[in-house]
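Read in order, the letters of the sequence shown are residues 1042 to 1519 in the working numbering. A virtual CB, placed ideally from N, CA and C, is assigned to each residue, including glycine.
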Amino acid sequence: MTAYFITCHASVANVRDQFRSLHRPEHLLLYHVDAKAPAALHETVRRLEAAFPNVTVLPSRHYAWAGYSQVATTLEAIDRALATGPDWSHLVVLSEQHCRLRDEAELGAVLEPGVSYVDMTPFAAMGPGPQADIAHRFSMDYRELPGIGSFGIVPVAPDADFLGRLRHGSNWYVLSRQACAYLACAARTAPEAARLRAAVHPDENMLQTLLAADGGRAGRIEPRETTFVAWPHISGKPDMTFRAEDFSAARAGDHLFIRKRPACLPPEVATTLEDWASLSEAELTARIGSPLEPAAEEADPEGTALARRVASQVVRRGRGVQADLPNLRFGLRNPRFSLRFRTARIPDGIDVRILSQDLRHFRVLLLVTERPEVDFAPRQLYGRPAPLLRIRVPELDFRREILVPEDPTHGFWTRPADGGVFGLVRVIEAYIRVAERIAETPAPETVRGLNSTRREIAARARSLAWSVRRLLKPKRPA
């Protein structure tokens, strides 16, 4: 018996076809659907769970590409699989874009009891370029904004000993049950777990490094790439979707799966996968209904309305402040909330940006709009740290932000239960002031959070009440 953990984010067709290919009554299939995925995909996976007793759907969370949220969801899948019983021997981690390369008999012959198959390379064995990339991932303490990505908030000094213990590899792997039991504990208690969680893109380092330090408790780990990835230099396709010849080449090698699946499978690949399927499309339709059509992508109404509300308050309170709603202008949903502010005093090439995906957690930042060459070396702009962003949002990825160290919240703001946005408006206004003065050398200005704002309002109210009492107090006769 095999357990499969499958992450989904976009395609109903992919999920249906992949399910028919992988499903066997004796296997366990665990699904996670990204919270920002189309409603049709959420409903499709819910129908699978309702129709098949061996399907489990994890609670949906806002995934950030390659972020700790991805690792945390894998650990949740491990916990859920371990709780189902002792019957399965391996957990296979896949995405909806994977296709199998082996039939059931071939796959069963490959997976040895107690053996995990994980691609992992020691940091010391990498070349200078990859080393610079990996070292940069641990060059700061990173904090994840749900559904968007991780932002560096405080620089961290290089640690050669830590890097020497680091392993890097694919986030698609096959874990033995013994390895899963070890990771379920180590990811929460190992001395280096906190450092690994605070990196950017820990999905390619955290579990790999913990397994390398297992001391034999995880069973045998075979360094092996189980998924053939159709990188552009292999497939010649920037979107990394595989061709028929890539499928054949991967089959001829020792890979077990291939990604990314094209929207339309080559006929010979489709025939092979159909031969391996346990259900026909007609049989699946009889169980869960016809394929659901996703709605056309458009700007999220709730996110856009909230962005308008915040923008109007900032513009109304500040002279010469211009607001832009990129989502509304371009009809985008990712992220749901996106705002851009400019004034005449802000230097060219710097925007004040505000982002949110879940409309509860927000980040305000000073974005350098020019996209430089990818350079992992530390940089400063206007005398301030300017780290490289590694955020899977087209407007942000591999640009730089200028940090505001005097802000104790580092630009993160959480919306209160009453839905108010006054605290966010105050943070935005403070960042606009910093941006306007950034070419000068003023004393650092502490950005006040919601609590200090409340204290200030209360103090002003007390002062006003005292003044009113003074005015209304009867004067003594002369």
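Sub-9 Å separation of T1162 and W1213 beta-carbons: As a working note, residue 1162 is residue 121 in the sequence shown. As a working note, residue 1213 is residue 172 in the sequence shown. Against a cut-off of 9 Å, the Cβ pair of W1213 and T1162 comes out as no contact.
Backbone CA spacing between H1451 and V1215 [nearest angstrom]: As a first step, residue 1451 must be located in the sequence shown, where it is residue number 410. As a first step, residue 1215 must be located in the sequence shown, where it is residue number 174. So the two alpha carbons sit approximately 38 Å from each other.
Option in T1048, H1073, E1145, I1119 with minimal Cα separation from E1066: Taking the first residue of the sequence shown as 1, we reach residue 1066 at position 25. In the sequence as presented, Glu is not what sits at residue 1066; that position holds Pro. Checked all of T1048, H1073, E1145, I1119; the closest Cα to P1066 is E1145.
Contact the region 1104 to 1121 vs the region 1240 to 1260: 3+ CB pairs below 8 Å: yes
Assigned secondary structure, G1188 (DSSP; H/G/I helix, E/B strand, else coil): On the sequence shown, position 147 is the one that residue 1188 refers to. DSSP places G1188 in coil when its eight states are reduced to three.
Coil, strand or helix - D1144 by DSSP: Your numbering for residue 1144 matches position 103 in the sequence shown. Here D1144 sits in coil by DSSP.
Nearest-angstrom beta carbon gap, F1382 and V1409 [assumed within contact, 8 Å]: Counting from 1 along the sequence shown, the entry for residue 1409 is found at position 368. Counting from 1 along the sequence shown, the entry for residue 1382 is found at position 341. Between F1382 and V1409 the Cβ distance is about 15 Å, and since that is not below 8 Å, they are no contact.
Simplified DSSP assignment, three categories, for W1454: In the sequence shown, the residue the question calls residue 1454 occupies position 413. Reduced to three states, the DSSP call for W1454 is strand.
Opposing strand residues paired with I1119 [DSSP bridges]: Taking the sequence shown and counting its residues from 1, one reaches residue 1119 at position 78. Paired residue(s): none; I1119 is not in a bridge.
Distance CB(L1444)-CB(G1193) smaller than 9 Å: Stepping through the sequence shown from its first residue, residue 1444 is reached at position 403. Stepping through the sequence shown from its first residue, residue 1193 is reached at position 152. In contact: L1444 and G1193 (Cβ atoms closer than 9 Å).
Any 3 or more C-beta pairs closer than 8 Å across the region 1285 to 1305 and the region 1322 to 1338: no
F1378 in three-state terms, based on DSSP: Position 337 of the sequence shown, counted from the first residue, corresponds to residue 1378. It is a strand residue.
Cα-Cα separation, M1167 to E1090: The residue you call residue 1167 lines up with position 126 of the sequence shown. The residue you call residue 1090 lines up with position 49 of the sequence shown. In a straight line, the C-alpha of M1167 is about 43 Å away from that of E1090.
Backbone CA spacing between G1210 and T1384 [nearest angstrom]: For the purposes of this step, residue 1210 is taken as the residue at position 169 of the sequence shown. For the purposes of this step, residue 1384 is taken as the residue at position 343 of the sequence shown. Using only the alpha carbons, I get a separation of about 44 Å.
Residue interval of the beta strand (DSSP E) (run including R1300): For the purposes of this step, residue 1300 is identified with residue 259 of the sequence shown, where counting begins at 1. Run containing R1300: 1298 to 1300, per the beta strand (DSSP E) assignment.
DSSP-derived helix/strand/coil call for R1274: Residue numbering aside, residue 1274 sits at position 233 when the sequence shown is read from its first letter. Per the sequence presented here, residue 1274 reads as His, with Arg not at that position. In the structure shown, H1274 sits in a helix (DSSP, three-state: H, G or I).
Counted within 10 angstroms of its Cβ, other Cβ atoms place S1508 as buried (16 or more) or exposed: Residue mapping note: residue 1508 aligns to position 467 of the sequence shown, counting from 1. Below a pLDDT of 50, predicted positions are generally treated as unreliable, and S1508, at 44, falls in that range; no measurement from the model is reported.
CB contact flag (R1061, S1321, <9 Å): Here residue 1061 is taken as the residue at index 20 of the sequence shown, counted from 1. Here residue 1321 is taken as the residue at index 280 of the sequence shown, counted from 1. Their beta carbons are under 9 Å apart, which means R1061 touches S1321 by this criterion.
For E1442 and T1487, the rounded distance between their alpha carbons: On the sequence shown, position 446 is the one that residue 1487 refers to. On the sequence shown, position 401 is the one that residue 1442 refers to. Only weak support exists for where T1487 lies, its pLDDT of 43 falling under 50; the value from the coordinates is given anyway. Between T1487 and E1442, the C-alpha separation is close to 18 Å.
Distance CB(S1397)-CB(G1464) smaller than 9 Å: Along the sequence shown, read from residue 1 onward, the residue named residue 1397 stands at position 356. Along the sequence shown, read from residue 1 onward, the residue named residue 1464 stands at position 423. Contact: no.
With 16 other Cβ atoms within 10 Å as the buried cut-off, status of H1050: Mapped onto the sequence shown, residue 1050 falls at position 9. It counts as buried.
Cβ neighbour criterion (16 or more within 10 Å) applied to P1127: On the sequence shown, residue 1127 is found 86 positions in, with the first residue counted as 1. By the neighbour-count rule (16 or more Cβ atoms within 10 Å), P1127 is not buried but exposed.
Segment limits, beta strand (DSSP E) that includes L1216: Taking the sequence shown and counting its residues from 1, the one referred to as residue 1216 is at position 175. L1216 -> beta strand (DSSP E) spans 1215 to 1217.
Cα-Cα separation between F998 and D1365, rounded to whole angstroms: Look at the range of the chain in this structure, 1042 to 1519, and you will see that residue 998 is not part of it.
D1392 vs A1076 beta-carbon contact at 9 Å: Mapped onto the sequence shown, residue 1392 falls at position 351. Mapped onto the sequence shown, residue 1076 falls at position 35. Not closer than 9 Å, so no.
At least three beta-carbon pairs within less than 8 Å, the region 1140 to 1156 to the region 1085 to 1104: no
Residue ranges of each beta strand (DSSP E) within the region 1228 to 1314, 3 or longer: 1261 to 1263, 1268 to 1270, 1298 to 1300
Distance, V1310 Cα to M1247 Cα: Here the question's residue 1247 lines up with position 206 in the sequence shown. Here the question's residue 1310 lines up with position 269 in the sequence shown. Those two C-alpha atoms are separated by around 34 Å.
DSSP state of E1442 mapped onto helix, strand, coil: Walking along the sequence shown from the start, residue 1442 turns up at place 401. In the structure shown, E1442 sits in a strand (DSSP, three-state: E or B).
Sufficient close CB pairs (3 or more, under 8 Å) joining the region 1092 to 1105 to the region 1413 to 1426: no
Three-pair Cβ contact test at 8 Å for the region 1243 to 1262 versus the region 1222 to 1233: yes
Residue from R1377, A1458, R1358 with nearest C-alpha to A1471: In the sequence shown, residue 1471 corresponds to position 430, counting from 1. Comparing Cα-Cα distances from A1471 to each of R1377, A1458, R1358, the minimum goes to R1358.
Contiguous alpha helix (DSSP H) assignments of at least 4 residues, all confined to the region 1323 to 1394: 1342 to 1358, 1367 to 1371
Euclidean distance between Cα positions of V1434 and R1404: Here residue 1434 is taken as the residue at index 393 of the sequence shown, counted from 1. Here residue 1404 is taken as the residue at index 363 of the sequence shown, counted from 1. Spanning the two alpha carbons is a distance of roughly 14 Å.
Per DSSP, the bridge partner or partners of T1097: Reading the sequence shown from its first residue, position 56 is the one you call residue 1097. T1097 pairs with L1071.
Rounded separation between A1291 and F1164 - CA only: The residue given as residue 1291 occupies position 250 in the sequence shown. The residue given as residue 1164 occupies position 123 in the sequence shown. Between A1291 and F1164, the C-alpha separation is close to 27 Å.
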